[in-house]
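Residue numbers (this note's numbering), protein chains in the order written: chain X, 19 to 327; chain R, 19 to 327. Using N, Cα and C, we set each Cβ at its ideal position, and we do this for glycine too. Data block below; observations after.
Protein chains: 2
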Amino acid sequence: MPGENDRKDCVIGVDFGGTKILAGVFDAKFECIGRARVSTKADRGADEVIGRIARCVREAVDECDLDLKEIIFAPNLGWNDVPLKKELEKLLERPVFLENDCNVCTLGVYEVELKAKPRDVVGIFLGTGIGGGLILEGKLYSGFNRTAGEIGHMVLEVSGPKCGCGNKGCFEALASRTAIFRKIKEAVKEGQKTLLTEMLGPELEDLRSGDLRKAIKRGDKFVEHIVEEAAEYTGIAVSNLINILNPEVVVIGGGLMEQLEDEMLAIIVETAMDYAMPGTTKGIEIIATRLGDDAGITGGAVLARKHSE
Amino acid sequence: MPGENDRKDCVIGVDFGGTKILAGVFDAKFECIGRARVSTKADRGADEVIGRIARCVREAVDECDLDLKEIIFAPNLGWNDVPLKKELEKLLERPVFLENDCNVCTLGVYEVELKAKPRDVVGIFLGTGIGGGLILEGKLYSGFNRTAGEIGHMVLEVSGPKCGCGNKGCFEALASRTAIFRKIKEAVKEGQKTLLTEMLGPELEDLRSGDLRKAIKRGDKFVEHIVEEAAEYTGIAVSNLINILNPEVVVIGGGLMEQLEDEMLAIIVETAMDYAMPGTTKGIEIIATRLGDDAGITGGAVLARKHSE
Numbered sequence: 019m020p021g022e023n024d025r026k027d028c029v030i031g032v033d034f035g036g037t038k039i040l041a042g043v044f045d046a047k048f049e050c051i052g053r054a055r056v057s058t059k060a061d062r063g064a065d066e067v068i069g070r071i072a073r074c075v076r077e078a079v080d081e082c083d084l085d086l087k088e089i090i091f092a093p094n095l096g097w098n099d100v101p102l103k104k105e106l107e108k109l110l111e112r113p114v115f116l117e118n119d120c121n122v123c124t125l126g127v128y129e130v131e132l133k134a135k136p137r138d139v140v141g142i143f144l145g146t147g148i149g150g151g152l153i154l155e156g157k158l159y160s161g162f163n164r165t166a167g168e169i170g171h172m173v174l175e176v177s178g179p180k181c182g183c184g185n186k187g188c189f190e191a192l193a194s195r196t197a198i199f200r201k202i203k204e205a206v207k208e209g210q211k212t213l214l215t216e217m218l219g220p221e222l223e224d225l226r227s228g229d230l231r232k233a234i235k236r237g238d239k240f241v242e243h244i245v246e247e248a249a250e251y252t253g254i255a256v257s258n259l260i261n262i263l264n265p266e267v268v269v270i271g272g273g274l275m276e277q278l279e280d281e282m283l284a285i286i287v288e289t290a291m292d293y294a295m296p297g298t299t300k301g302i303e304i305i306a307t308r309l310g311d312d313a314g315i316t317g318g319a320v321l322a323r324k325h326s327e
Numbered sequence: 019m020p021g022e023n024d025r026k027d028c029v030i031g032v033d034f035g036g037t038k039i040l041a042g043v044f045d046a047k048f049e050c051i052g053r054a055r056v057s058t059k060a061d062r063g064a065d066e067v068i069g070r071i072a073r074c075v076r077e078a079v080d081e082c083d084l085d086l087k088e089i090i091f092a093p094n095l096g097w098n099d100v101p102l103k104k105e106l107e108k109l110l111e112r113p114v115f116l117e118n119d120c121n122v123c124t125l126g127v128y129e130v131e132l133k134a135k136p137r138d139v140v141g142i143f144l145g146t147g148i149g150g151g152l153i154l155e156g157k158l159y160s161g162f163n164r165t166a167g168e169i170g171h172m173v174l175e176v177s178g179p180k181c182g183c184g185n186k187g188c189f190e191a192l193a194s195r196t197a198i199f200r201k202i203k204e205a206v207k208e209g210q211k212t213l214l215t216e217m218l219g220p221e222l223e224d225l226r227s228g229d230l231r232k233a234i235k236r237g238d239k240f241v242e243h244i245v246e247e248a249a250e251y252t253g254i255a256v257s258n259l260i261n262i263l264n265p266e267v268v269v270i271g272g273g274l275m276e277q278l279e280d281e282m283l284a285i286i287v288e289t290a291m292d293y294a295m296p297g298t299t300k301g302i303e304i305i306a307t308r309l310g311d312d313a314g315i316t317g318g319a320v321l322a323r324k325h326s327e
């Protein structure tokens, strides 16, 4: 019950991307006591989106019978072109703090799911693209230009497939949802049989991560193989990060992982343990986050709390 | 003149590897005021080597007219099997501190060459193998099992050449001195012409990094190409580290770099800047260390000073 919470301890986290805006109000124990979700409508332009973020925040606040004035707010940064912080502070009349989305997700997992116990944690988020966040010595690490954690563009195969960034063989070009979908569509064009075309038609319109899981469960060996390959590349990326940073915990999230944990996690762990140098892996954990879609709003709330302390 | 130094501020750094032991006495300003060098004679066993380390320390101390009792000592760790710290403390009657060699080298470069100005620095050492060290937020970062910085086994080319560690396509298998020599010897066996065989005979016995430089200076395009390839892989490894850690300075050292800086550094910088994500490289520097062979003993002295503070 909201009445049980000291209202001054409540913070709100916002996560916004190209398709949706999520806002969550969190109490002193980082329990989510109110939430709202609206579509982004990015095509309507920056002003409209900022207005929609503000609306989403107000809806989440209304949900839990709090007054907006009591709340600090931290959206994830997914957008550099607009003076987002200033505009939102004007609209909401509260301080706003921004941070890169994968950093925020890692922070949320670290503080709420891992209870800030391990000192060094690497977060990996597999979705349309691949991003990461680093907690080093108990703190979010962001580096000289605040760009640390761009693990999706770590080159794993110099002569590999072209990546959106212009390089070849980036982790993202080998193991993101985009990479998996591209491989499937290319193979189907070349005559590969798959249950996916039965499910979705020959053009594989509206293909989603969940469809891959369904096809695998129904025995589609082709889709299984493609997903396994992505899991192996992810395992190699994890081993690189273990060799470089020797974290205590590697936590993997993102939409792809949420849908395909059963199919991917064991292969990721096995490959990473096999590739990492002896001595580096003793006692370390490679796990999937349980926060799912809430990692961003949870991390936003943690960030807001840190700024308000 | 040693008399000008406050003797209590003197520390000694030791760097030992498979072939040689280096010891250096450093004053309060980390100027080296005495040094000694002996061969390791690793084949004579641990006890003999420990005795030789102690002898090397005594010779360096004798060199600068100090009494051993005034000195704190920090050898690099290159050896896990022997209770090295205890044995040396017994022999030298002084506290001894141990640390991984590439970590120590990075620490030396950071404190003495870079004057501890940048917050985040990655050190890369190209030699027989490839190792690294990380200074993050102004401190040596070592991770959960104290193994952080194993950058030589970052996979850059999943389908690349076999590495000593059992994996394929590690940075070390693509760009170390061992990798370069292997490529040259393989090509020579297959009939490749090179000035190196004129210089060293058909078996390329006693091939050294300096020979590569000499051959390139005399116009050997084959050797130039092999070295350029190693520099390109190093540039890609640097870009991976920039994407992941976004350091302010990447500093490259090691025997290979010392001999081939003119041939490699520009290519490394160009490749890294080309591969790294836009936004990550603004204002960052990729440089070669000026400490050369002294990076280890300098870092050892820094470590000893830190422990004595």
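Check whether chain R comes within 7 Å of residue i, counting only Cβ atoms and requiring the distance to be less than that.
i	result
X:Leu116	no
X:Phe162	yes
X:Tyr128	no
X:Asn258	yes
X:His243	no
X:Leu144	no
X:Leu106	no
Is there a C-beta anywhere in chain X that falls below 7 Å from the one on residue i?
i	result
R:Asn261	yes
R:Ala322	no
R:Ile266	Note that residue 266 of chain R is Glu in the sequence shown, not Ile. Chain X, which has a Cβ nearer than 7 Å to the Cβ of R:Glu266, makes this yes.
R:Asp61	no
R:Ile304	no
R:Leu230	no
R:Leu154	yes
Residues of chain R with CB closer than 8 Å to the CB of residue i, please, in chain order.
i	result
X:Cys74	None at all; the shortest Cβ gap to chain R is about 28 Å.
Our contact map puts residue i next to residue j with C-beta atoms below 8 Å; I'd like the distance itself, whole angstroms only.
i	j	result
X:Gly317	X:Gly126	3 Å
X:Gly147	X:Glu190	5 Å
X:Asn121	X:Leu158	6 Å
R:Phe162	X:Ile302	6 Å
X:Ile7	X:Glu242	In the structure displayed, chain X extends from 19 to 327; residue 7 of chain X sits before or after that span and is not available.
R:Val245	R:Ile198	7 Å
R:Arg298	R:Asn258	Here residue 298 of chain R turns out to be Thr, not Arg, going by the sequence shown. With a Cβ gap of about 11 Å, R:Thr298 and R:Asn258 do not count as contacting.
R:Phe115	R:Ala322	6 Å
X:Arg112	X:Leu84	Wrong, their Cβ atoms sit about 12 Å apart, outside the cutoff.
R:Val43	R:Ala78	5 Å
R:Ala41	R:Val75	5 Å
R:Gly167	R:Gly149	7 Å
Under 7 Å Cβ-Cβ, which residues of chain X neighbour residue i?
i	result
R:Lys300	Asn163
For residue i, return the contacting residues in chain X, with the cut-off set at a CB-CB distance below 8 Å.
i	result
R:Ile169	Asn261, Ile262
R:Ile254	Val173, Val176
Using a C-beta to C-beta distance shorter than 9 Å, which residues of chain R count as neighbours of residue i?
i	result
X:Gly149	Per Cβ cutoff of 9 Å: no residues; X:Gly149 is ~11 Å from chain R at best.
X:Asp138	Tyr159, Gly161, Phe162, Ala166
Note down, in chain order, every chain R residue with its Cβ under 7 Å from the Cβ of residue i.
i	result
X:Gly297	Asn163, Thr165
State the beta-bridge partners of residue i as determined by DSSP.
i	result
R:Val173	R:Cys188
X:Asn163	None; X:Asn163 has no bridge partner.
X:Lys157	X:Leu154
R:Lys38	R:Ser57
X:Val32	X:Ala41, X:Pro93
X:Gly69	Looking at the DSSP assignment, X:Gly69 forms no beta bridge with any residue, so it has no partner.
X:Phe143	X:Gly149, X:Gly271
R:Lys180	R:Lys186
R:Gly52	R:Val43
X:Glu303	X:Val267
Near-chain R residues of the stretch 171–195 of chain X - C-beta to any C-beta below 8 Å = Going along the stretch 171–195 of chain X in chain order, one finds His171, Met172, Val173, Leu174, Glu175, Val176, Ser177, Gly178, Cys183, Asn185, Gly187 with a Cβ nearer than 8 Å to chain R.
Residues in the stretch 28–54 of chain R having any Cβ partner in chain X nearer than 7 Å = Answer in chain order: no residues at all.
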